[in-house]
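Colleague: Protein sequences appear in the order of chains A and B.
The opening residue of the first sequence carries number 60 in this note's numbering; numbering runs sequentially from there.
The opening residue of the second sequence carries number 24 in this note's numbering; numbering runs sequentially from there.
To start, I am sharing the structure in question, which I have written as structure tokens.
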Amino acid sequence: MKILSKKSLVSVPGSKVTQIVLSSPDIAAKALPGEFVVIMADKKGERVPLTIVNADKKNGTVTLIFQEAGLSTTLLGKMNVGDSLYAMVGPLGHATPIKNYGKIILVGGGVGIAEIYPVAAALKDAGNHVTTILGARSKDILILEQELKKASDEFYVATDDGSYGVKGFTTDLLRERLSKGSYDVVYAVGPIPMMKKVTAVTKEFNVKTVVSLNALMVDGTGMCGGCRVTIGGQVKFTCVDGPEFDGQLVDWNELEKRNKVYFGKEKHVCELDKVAK
Amino acid sequence: MKEVIKIREVPASQRSSTFDEVVLGYGEQEILQEAARCLQCKNPVCIQGCPVGIDIKKFIYHITKKDYAASYLTIKEKNNFPSICGRVCPAEYQCRKSCILTKKGSPFASEQAINIHFLERFVGDYGNKEKIGAPKEGKDELAGQKVAVVGSGPAGLCCAGELARKGIKVTIFESLHEPGGVLRYGIPPFRLPRDILDFEIKYLEKLGVTTIPNYIIGKTKMLDELFKEGYSAVFLGLGAGTPSFLNIAGENLGNVYSANEFLTRVNLMSAFKYPEYHTPVNVGKRMIIIGGGNTAMDAARAAIRLQNMSGIKPNTAIFYRRTEIEMPARRLEIEHAKEEGIEFEFLVQPVAFGGDDNGHVRKLRCLRCELGEPDASGRRRPVAIANSEFETDCDVAIIAVGLQANTVLTNVTPGLKVDKYKDIIVDPETMQTSIAGVYAGGDIVGGEGTVIEAMSMGKKASVAIVDYLKSKAKKV
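This is how it looks when you write it as structure tokens:
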């Protein structure tokens, strides 16, 4: 669980995204695209789920990418090469079913782009025609652009402010693609509002849509039920039943509200961050 | 008949703002007086009430002679964890219920029954303090054999301890970051202080047991790989890890917790020390716990402590669909909960939660019930009364209505047979599963039980594992 390397991907006011490579041969040996780990930065820390961005079986390493969004990820960001995480367990969740679907569109927004990457690479290897659409607020917070370009047959970027690619949203580009051609699957990972909008667009075109959910978790092994989501009227646990689900069946409003249940507390503790270490 | 010696406890007024232990236990004078009440029956029926068959008569006899070391070793012959069991065993349904001093036909122990568990606790704490330990049984023929134990709850700990005492090299694989299973995430520190739990687990290390946390068999490694890595047998103490829900409207509103989640946040993640520890838990103005078992009591008592510690006027209630007598919780926990100001609402059945615009729970709607005919459990079934619906305020709800099997391992292990509840099927004599060399026990076999029942299964499996290893050694 030692940090072997650390790279800042984004560091602008209001947005810090960092990539770390950790030594964990047993997790690396088993990890597949779409799976995640739960980590604890230190003994007093929270258990935080993070997608496995890359697993290097030969060197026994896993790569994680995280955005500093609260106390726990901020403390994780302060850890350096040579430090060890207090805990890391996995790989958790179900892997993305990788096969040749035909033509597939991957939509990634914000730090969700990190989750798109391993899936894109695996789908491309499986012979799919991969179209990737990335979205970010502006050019300086776009991550993994070169890596994803390589893993894609077609590649598009939308930025909110128009500083790069097309000015607008990923869903604008998605609609354009879907109206011009026929696609077999859309796979989307990003902020909830983005995934929600993606499913609204794909519904019009009747394209199967897979999303990877980011519900709050504690153990990550099906023990607490904190990550429960409603999928087509049925309660599922994101950690053991997901994290990927049919996007058309997700109760987005419920998930959005459940994910905000500690907002009051987090605001309070983020100010404490200044004294935490 | 001499009078029962009362156990010393922290008064309710002093204990409800801390997670420190409530029951202080007996001192030496008290233990001698209580032990002297034991009739030393010719036919000690109490022993039949102990799932691991501790020689209760003998260990109490040693107490009366002030030979606490001998008493400790007597317990240790059958139970490696007297300080844990002396605190969490529902003795009133087990040894104390069997005690001759309990009135015949009573649903649980009479007050007059010897306080066997408190005696055990004293002796356990004494032995731990004096570092008496337990002798290794050192059977050379099995030395060097490797056995894997999956899960470090009561069943796994017990099985590991028994095997280690025979010189077997045991490795425990635990999915969480700290060992103990339900003893760690489920039982709050005010019932089982963490130094006691840590001590009893450390004792296993001294016997040569290695514990690997953050390791999930079925994810990080598969069951068959353990055999390839040289383990000769595996014990599965996976627990009943999946919380049941009520399946009623509004159950996914914010601040509706499973008891597992609430207690894991509080106990394992130390949310009661937030923000020093970083995992939060939300504390409400009116917290309602649904259920009537020990988990419900633990959750309620944790909840009212959190209210007190957060400067919120204590207002925590337990809603149960039967009456107090049918509650499966330990009587002591029910008494403690009442003393601490927890309100009990009996004969009520939740039908829906109501929420606000933020998606947070605000109301609980219930029906009143009456008791009908006995059901499969022998308890009278609650029957809802028509038109009895009422609504109550509720801004944190905790659902403690039971657990089901965790299927992370069984789902990915072909050949490992499970029943319709996804519990692992075993031979009840040996705890062997459908796979040779693989044994199971605890809540993953036959559903939820007590700590000591789980330990009993772990122990039974350990005996069968030893036989299995011996017979395998002969064949070679």
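Ideal Cβ placement from N, Cα and C applies to all residues, glycine included.
In terms of DSSP beta bridges, what is T120(A) paired with?
Modeller: T120(A) is bridged to S82(A), D115(A).
Colleague: Could you tell me how far apart the beta carbons of F196(B) and I240(B) are, in whole angstroms, since I believe they sit closer than 8 Å?
Modeller: With 8 Å as the limit, F196(B) and I240(B) qualify as a contact, their Cβ atoms being about 5 Å apart.
Colleague: Can T191(A) and G167(A) be called in contact, C-beta distance under 9 Å?
Modeller: Yes, the pair counts as a contact, with Cβ atoms nearer than the cut-off.
Colleague: Within 9 Å of any Cβ in chain A, is that where the Cβ of E252(B) sits?
Modeller: No - not a single Cβ of chain A is within 9 Å of the one on E252(B).
Colleague: Would you kindly check if the distance between the Cβ of A375(B) and the Cβ of A319(B) is under 9 Å?
Modeller: No. Outside cutoff.
Colleague: Cβ closer than 7 Å: which chain A residues qualify as neighbours of L199(B)?
Modeller: Those are D278, listed as they occur along chain A.
Colleague: Quick one: Cα of V512(B) to Cα of S82(A), how far?
Modeller: The first residue shown for chain B is 24 and the last is 499, placing residue 512(B) beyond what the model contains.
Colleague: Kindly list the residues whose CB is nearer than 8 Å to the CB of V384(B), restricted to its own chain and excluding five residues on each side of it in sequence; keep chain order.
Modeller: Excluding positions up to five away in sequence, the list reads G273, L276, G277, N278, V279, F376, G377, G378, C417, D418, V419, A420.
Colleague: In chain A, what lies closer than 9 Å to V374(B) by C-beta?
Modeller: In chain order: nothing, as chain A lies at least about 17 Å away.
Colleague: Please go through the same chain and pick out, in chain order, the residues whose beta-carbon is closer than 7 Å to the beta-carbon of A423(B), but skip the five residues on each side of it.
Modeller: A282, I312, I313, G314, G316, T318, A319, A322, listed in sequence order.
Colleague: With 9 Å set as the bound, which would you pick, yes or no: does the beta-carbon of P298(B) sit closer than that to a beta-carbon of chain A?
Modeller: Answer yes: the Cβ-Cβ gap between P298(B) and chain A drops below 9 Å somewhere.
Colleague: Would you mind telling me which residues of chain A sit closer than 9 Å to R288(B), beta carbon to beta carbon, in chain order?
Modeller: Under the 9 Å cutoff, chain A gives V277, C283, G285.
Colleague: Is the distance from the Cβ of F145(B) to the Cβ of R328(B) below 9 Å?
Modeller: It is not a contact, given that the beta carbons lie outside the stated cut-off.
Colleague: 9 Å is my cut-off, CB to CB: does Y208(B) come that close to chain A?
Modeller: Yes, because at least one Cβ of chain A sits closer than 9 Å to the Cβ of Y208(B).
Colleague: I'd like to know whether the C-beta of L276(B) is nearer than 9 Å to at least one C-beta of chain A.
Modeller: Closer than 9 Å: yes.
Colleague: Look up C392(B) in the DSSP assignment and say whether it is helix, strand or coil.
Modeller: The answer is strand: DSSP assigns C392(B) an E or B state.
Colleague: Pick helix, strand or coil for V468(B), following the three-state DSSP scheme.
Modeller: The answer is coil: DSSP assigns V468(B) none of H, G, I, E or B.
Colleague: Listed from N- to C-terminal order along the chain, which residues in the region 381-393 of chain B have their beta-carbon within a distance smaller than 9 Å of any beta-carbon of chain A?
Modeller: Cβ contacts with chain A come from N381, G382, H383.
Colleague: What are the partner residues of H383(B), as DSSP defines its beta bridges?
Modeller: Note: H383(B) sits in a beta bridge opposite G277(B).
Colleague: Nearest-angstrom Cα distance between F322(A) and E164(B)?
Modeller: Between F322(A) and E164(B), the C-alpha separation is close to 59 Å.
Colleague: Taking a contact to mean a Cβ-Cβ separation below 9 Å, would you say F104(B) touches L180(B) in this structure?
Modeller: Yes, the pair counts as a contact, with Cβ atoms nearer than the cut-off.
Colleague: Assuming V244(A) and Y160(A) make a contact with CB atoms under 8 Å, what is their CB distance in whole Å?
Modeller: Right, the Cβ-Cβ distance comes to about 5 Å (below 8 Å), so this counts as a contact.
Colleague: Can you tell me whether K336(A) is helix, strand or coil according to DSSP?
Modeller: Any reading at K336(A) must be qualified, since the residue scores a pLDDT of 40, below 50, and its modelled position is unreliable; the value itself is stated next. K336(A): coil per DSSP, three-state reduction.
Colleague: To the nearest angstrom, report how far apart D78(B) and A132(B) are at their CA atoms.
Modeller: Computed Cα separation, rounded: 19 Å.
Colleague: Which residues does DSSP list as the beta-bridge partners of L201(A)?
Modeller: DSSP output for L201(A) lists no bridge partner at all.
Colleague: Expressed to the nearest angstrom, what Euclidean distance is found between the alpha-carbon atoms of D332(A) and S131(A)?
Modeller: Note that D332(A) scores a pLDDT of 48, beneath 50, so its modelled location is shaky and nothing firm can be said.
Colleague: Please return the same chain residues whose Cβ sits closer than 8 Å to the Cβ of E396(B), not counting the five positions on each side in sequence.
Modeller: Only R403, R404 meet the Cβ criterion.
Colleague: Can you find a CB in chain B that lies within less than 9 Å of the CB of P150(A)?
Modeller: With 9 Å as the cut-off, P150(A) counts as an interface residue toward chain B.
Colleague: For R353(B), is the classification buried or exposed, using 16 other Cβ atoms within 10 angstroms of its Cβ as the cut-off for buried?
Modeller: The residue is buried, with at least 16 neighbouring Cβ atoms inside 10 Å.
Colleague: Quick one: measure Cβ to Cβ for P236(B) and L199(B), integer angstroms, because I've assumed they're closer than 8 Å.
Modeller: P236(B) to L199(B), Cβ: 7 Å. Contact.
Colleague: Could you confirm whether any beta carbon from chain B is found closer than 9 Å to the beta carbon of K333(A)?
Modeller: The predicted position of K333(A) is uncertain, since its pLDDT is 47 and thus under 50; a value taken from the coordinates is nonetheless stated next. Chain B, which has no Cβ nearer than 9 Å to the Cβ of K333(A), makes this no.
Colleague: Please list the partners that N237(B) has in chain A, where partner means a Cβ-to-Cβ separation under 7 Å.
Modeller: The contacting residues are A146, M147, V148.
Colleague: Which residues in chain C have a C-beta closer than 8 Å to the C-beta of D85(A)? List them in chain order.
Modeller: In the structure shown, chain C does not exist; the protein chains are A and B.
Colleague: Cβ-heavy atom distance between Y462(B) and the ligand GTP below 8 Å?
Modeller: Absent from the structure shown: the ligand GTP. Ligands present: none.
Colleague: Under the rule that 16 or more other beta-carbon atoms within 10 Å means buried, what is Y208(B), buried or exposed?
Modeller: Answer is buried; the Cβ neighbour count reaches 16.
Colleague: Please state whether the Cβ-Cβ distance between A357(A) and A179(A) is less than 9 Å.
Modeller: Nothing in the structure corresponds to residue 357(A), since chain A is present only between 60 and 336.
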